[in-house]
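Chains W and Z are the protein sequences, given in the same order. In terms of my numbering, the first sequence is residues 2 to 482. In terms of my numbering, the second sequence is residues 14 to 219.
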Amino acid sequence: MNARRIVGPFNRVEGDLEITLDIADGKVVAAYVNSPLYRGFEQILQGKLPADALVLVPRICGICSVAQSAASALALADAAGVVPPPNGRLAANLTLATENLADHLTHFYLFFMPDFARAEYAGRHWHAAAVERFRATVGSAPNQMLPARARFMQMMGLLAGKWPHTLSVQPGGSTRPLQSSEIFRLHRTLREFRGFLEAVTFGAALEEVAAIESRTQLELWRAQAGGGDLRLFLEIAGDLDLWQLGRGTDRFMSYGCYNEGDRRLFPSGLWHDGVVPLDIAAIAEDISHAWYAAAGLPQHPAAGSTLPVAEKDGAYSWCKAPRLAGQVLETGALARQAVAGHPLARDIVEAAGGSVAARVVARLLELALVLPAMERWLTELAPGEPWCIAAQLADETSGVGLIEAARGSLGHWLTVRRGRIHNYQIIAPTTWNFSPRDAAGQPGALEQALAGLPASAADPLPAAIHHVVRSFDPCMVCTVH
Amino acid sequence: MNPTDACGLQYDGEASGGLLGPEFRAAAGLPVINVAGCPPHPDWITETLAMLAHGRLRAEHLDDFGRPRFFADQLVHHGCPRNEYYEFKASAEKHSDQGCLMEHLGCKGTQAHADCNQRLWNGEGSCLRGGYACIRCTEPGFEEPGHAFEATPKVAGIPIGLPADMPKAWFIALAALSKSATPSRVRENATADHQLRAPSVKRSKK
Ligand code: SF4
Numbered sequence: 002m003n004a005r006r007i008v009g010p011f012n013r014v015e016g017d018l019e020i021t022l023d024i025a026d027g028k029v030v031a032a033y034v035n036s037p038l039y040r041g042f043e044q045i046l047q048g049k050l051p052a053d054a055l056v057l058v059p060r061i062c063g064i065c066s067v068a069q070s071a072a073s074a075l076a077l078a079d080a081a082g083v084v085p086p087p088n089g090r091l092a093a094n095l096t097l098a099t100e101n102l103a104d105h106l107t108h109f110y111l112f113f114m115p116d117f118a119r120a121e122y123a124g125r126h127w128h129a130a131a132v133e134r135f136r137a138t139v140g141s142a143p144n145q146m147l148p149a150r151a152r153f154m155q156m157m158g159l160l161a162g163k164w165p166h167t168l169s170v171q172p173g174g175s176t177r178p179l180q181s182s183e184i185f186r187l188h189r190t191l192r193e194f195r196g197f198l199e200a201v202t203f204g205a206a207l208e209e210v211a212a213i214e215s216r217t218q219l220e221l222w223r224a225q226a227g228g229g230d231l232r233l234f235l236e237i238a239g240d241l242d243l244w245q246l247g248r249g250t251d252r253f254m255s256y257g258c259y260n261e262g263d264r265r266l267f268p269s270g271l272w273h274d275g276v277v278p279l280d281i282a283a284i285a286e287d288i289s290h291a292w293y294a295a296a297g298l299p300q301h302p303a304a305g306s307t308l309p310v311a312e313k314d315g316a317y318s319w320c321k322a323p324r325l326a327g328q329v330l331e332t333g334a335l336a337r338q339a340v341a342g343h344p345l346a347r348d349i350v351e352a353a354g355g356s357v358a359a360r361v362v363a364r365l366l367e368l369a370l371v372l373p374a375m376e377r378w379l380t381e382l383a384p385g386e387p388w389c390i391a392a393q394l395a396d397e398t399s400g401v402g403l404i405e406a407a408r409g410s411l412g413h414w415l416t417v418r419r420g421r422i423h424n425y426q427i428i429a430p431t432t433w434n435f436s437p438r439d440a441a442g443q444p445g446a447l448e449q450a451l452a453g454l455p456a457s458a459a460d461p462l463p464a465a466i467h468h469v470v471r472s473f474d475p476c477m478v479c480t481v482h
Numbered sequence: 014m015n016p017t018d019a020c021g022l023q024y025d026g027e028a029s030g031g032l033l034g035p036e037f038r039a040a041a042g043l044p045v046i047n048v049a050g051c052p053p054h055p056d057w058i059t060e061t062l063a064m065l066a067h068g069r070l071r072a073e074h075l076d077d078f079g080r081p082r083f084f085a086d087q088l089v090h091h092g093c094p095r096n097e098y099y100e101f102k103a104s105a106e107k108h109s110d111q112g113c114l115m116e117h118l119g120c121k122g123t124q125a126h127a128d129c130n131q132r133l134w135n136g137e138g139s140c141l142r143g144g145y146a147c148i149r150c151t152e153p154g155f156e157e158p159g160h161a162f163e164a165t166p167k168v169a170g171i172p173i174g175l176p177a178d179m180p181k182a183w184f185i186a187l188a189a190l191s192k193s194a195t196p197s198r199v200r201e202n203a204t205a206d207h208q209l210r211a212p213s214v215k216r217s218k219k
């Protein structure tokens, strides 16, 4: 029996999301991902003063606000030709890392895990534990995690004034000089958060988790005593075979992030049967299936346009379809770690590509990898040395800001004419992952990951569909911006 | 520019009306409550909801723009750690300076209704504590200030936006007077990113 079903709006997702599934013979034969809300930030930015972008772009999103600020500051720094002093660079790393880690934690505890408490899993040996820990609003886990997250976010009060929508992240560095005693307070906050992660999330030292090098080692580690929510997830993932669920394009991209002067903590690149350097010039946005006026062939974002139209044949989303040399890419923590060469991430994608379990494990792995780096960056801060330098922009200039948000690669492309923003184009991580089809008919990453899943025209949709959608940690407000 | 025709529920900028119209009242008799701010402090939301749940929020607890007065009857300037710099018009000139941000860097804390420097954000923060100007994000129309967000528009050297309830002549006279009396400690620290001079220590005469 053939049928078309529309799933959505999705709860526990930032922003609006609808998915149309074509179902035949008990399977999804085609998925169409629709971002139904247009925002208009790229239009709003046109004609504004370049520095005002720092006020406007964080307001694209309430959960990855600092990522937007950081990309904008980098684009302005590129346009002005300035490099922040070491304190400014370290403060930017710390601010972005705080947001990224908080996002990973929120995704795991509040957005992703509650699906395993669904009644359809009653009878599985882990179901009672999943209900006790993760059932929405009453589970014991959120009640531990939320206060720990709120305390961790106090990093932002000291580092950046406030979160979200800070203005401390500037092209020339940070507006918030820190004194020694304040740096010790930040150490204390990190120590408390480490304590939470090691006791509650991992049941192990962060370094022990970061040192796991393969799926085999991961399963051996799971079998050890120690408890923690990661072990519960691994048990579920094994039982439901989430390592085989939701495979996408297996082409992973990372712009690289966390500037350490002469290197990045996580370098940039493209992984597909091995890592190759990323050719940013090969990015183009296709709008054949999105509600935008066509401007000919797919355009590089530096020359891109955003001209919304209400009606268009064949269009089904406000999301454009970014492609790299015509290829569909996946971005996010798994991509970042596969590109950066973490042995566990490499082992996972080499064996079975992207999957629900791989994406979730990669996020938790980043909690274990980045927190120790934050501790190190704090010790490198030098009170009394400069935090911010002036960034003077020419009237005619352009710049690019590429960073890694929690959900993956975020790029801002800025052109300034006569001292005003002439064009500002943004490609957000979920724009890559949740893109619609392109002119060649290639479905986006999530669309590919959903095809082939079991589904019926009449019965409730299986939780597996929700697991796959949420495994990408979508942020829809950023997707269309 | 408003590409999506977005508007408030009961205000469009300063004009009452919005989506529901000026006469709208909810079942409990209240107009739309504007928990203002971009973003609002989370406590403003939770305290508003708690007060509603306990029947403790009535029309007289809302200000002229429908904002709960428990936070809107304060100014961002109240409790700002840069107050001594403000008193002496010892001003920051560039990012990461410690001085007051009103004279050069666009701070509107003396006009913005909110308790950001008393309640604090994320434990011990606020925009001013973070080193950047208040952009008055709890006020209607803040998004189009008509000038760069982080620059102070001036006429003949005087900031156009004066502190709430302050007569202009007074402000000019006081600013001139306090500038002439600025202690060198305050003046030097204002344009540095860390304290160059500590307040002096006095011993009592024995
Ligand atoms: S920086 Fe703004 S809020 Fe702080 S003292 Fe100066 S005018 Fe007041």
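Using N, Cα and C, we set each Cβ at its ideal position, and we do this for glycine too.
The continuous stretches of alpha helix (DSSP H) do not include W/MET254, which lies in the beta strand (DSSP E) extending over residues 253 to 255. Those residues having their beta-carbon less than 6 Å away from any non-hydrogen atom of the ligand SF4 are, in chain order, Z/VAL89, Z/HIS90, Z/CYS93, Z/ARG95, Z/ASN96, Z/TYR99, Z/CYS113, Z/LEU114, Z/MET115, Z/CYS120, Z/GLY122, Z/THR123, Z/LEU141 and Z/CYS147.
In this structure, W/GLY16 is the residue among W/ALA4, W/ALA391, W/GLY16 and W/PHE11 with its C-alpha nearest to the C-alpha of W/THR432.
Looking at the DSSP output, W/GLN328 bridges to W/LEU325.
For W/ASP23, the uninterrupted beta strand (DSSP E) segment begins and ends at 19 to 25. Listed along the chain, the chain W residues whose CB falls inside 8 Å of the CB of Z/PRO52 are GLY63, PRO165 and HIS166. Burial check for W/SER318: the Cβ neighbour count within 10 Å reaches 16 or more, so the residue is buried.
Each residue's CA atom was taken as its position, placing W/SER215 and W/ASP348 some 6 Å apart. Nearest in C-alpha terms to Z/GLU116, of all of Z/ARG71, Z/PRO166, Z/GLY42 and Z/MET64, is Z/PRO166.
The beta-carbon of Z/TYR145 is placed less than 7 Å from the nearest beta-carbon of chain W. For Z/MET14, the nearest beta carbon of chain W is closer than 7 Å to its own beta carbon. For W/GLN426, the uninterrupted beta strand (DSSP E) run begins and ends at 421 to 428, by DSSP.
Using a CB distance cut-off of 7 Å, W/LEU111 does not count as an interface residue toward chain Z.
When the five nearest sequence neighbours on each side are left out, the beta carbons in the same chain lying within less than 6 Å of the beta carbon of W/ALA429 are those of LEU411, CYS479 and THR480, in order along the chain. Only buried fits W/TRP378, as 16 or more other CB atoms lie within 10 angstroms of its CB. C-alpha of W/VAL170 to C-alpha of W/PRO437: approximately 33 Å in a straight line.
Using a Cβ distance threshold of 7 Å, W/ILE24 and W/ALA4 count as a contacting pair. 7 Å or more divides the Cβ of W/GLY355 from the Cβ of W/GLU381.
Annotation: W/SER269 is outside any alpha helix (DSSP H) and is labelled neither H nor E by DSSP. Among the residues facing chain Z, W/ILE288 is not included, as its CB has no counterpart in that chain under 7 Å away. Per DSSP, the unbroken beta strand (DSSP E) holding W/TYR259 starts and ends at 258 to 260.
For W/ILE427, same chain residues with a beta-carbon under 6 Å away, outside a window of 5 residues either side, are HIS413 and HIS482 in chain order. Along the length of the stretch 99 to 157 of chain Z, whole alpha helix (DSSP H) runs at least 4 residues long occupy 129 to 132, reported in chain order. Across the structure, W/LEU46 and W/ILE422 are spaced so that their CA atoms are roughly 7 Å apart. Taken atom to atom, the span from the alpha-carbon of W/ASN434 to that of W/CYS62 is near 17 Å. Of the candidates Z/GLN124, Z/SER217 and Z/SER104, Z/SER104 places its Cα closest to the Cα of Z/GLY112.
Counting along the chain, W/HIS468 sits inside no beta strand (DSSP E); it lies in the alpha helix (DSSP H) bounded by residues 464 to 472. In the assembly as shown, W/VAL371 is a buried residue. Its beta-carbon has 16 or more other beta-carbons within 10 Å. Cα atoms of Z/GLY119 and W/ASP314: separation of roughly 47 Å, rounded to the nearest angstrom.
By the Cβ test, the stretch 452 to 463 of chain W is in contact with the stretch 25 to 42 of chain W, since at least three Cβ pairs between them sit closer than 8 Å.
Boundaries for Z/ALA40: no alpha helix (DSSP H) harbours it, and the DSSP string shows neither H nor E there.
Counting along the chain, W/ALA339 sits inside the alpha helix (DSSP H) bounded by residues 334 to 341. The Cβ atoms of W/THR96 and W/ALA161 lie closer than 7 Å to each other.
Spanning the alpha carbons of W/ALA68 and W/GLU100 requires a straight line of approximately 8 Å. Nearest Cα to W/ARG136 within the set W/TYR110, W/ARG125, W/LEU159 and W/LEU221: W/TYR110.
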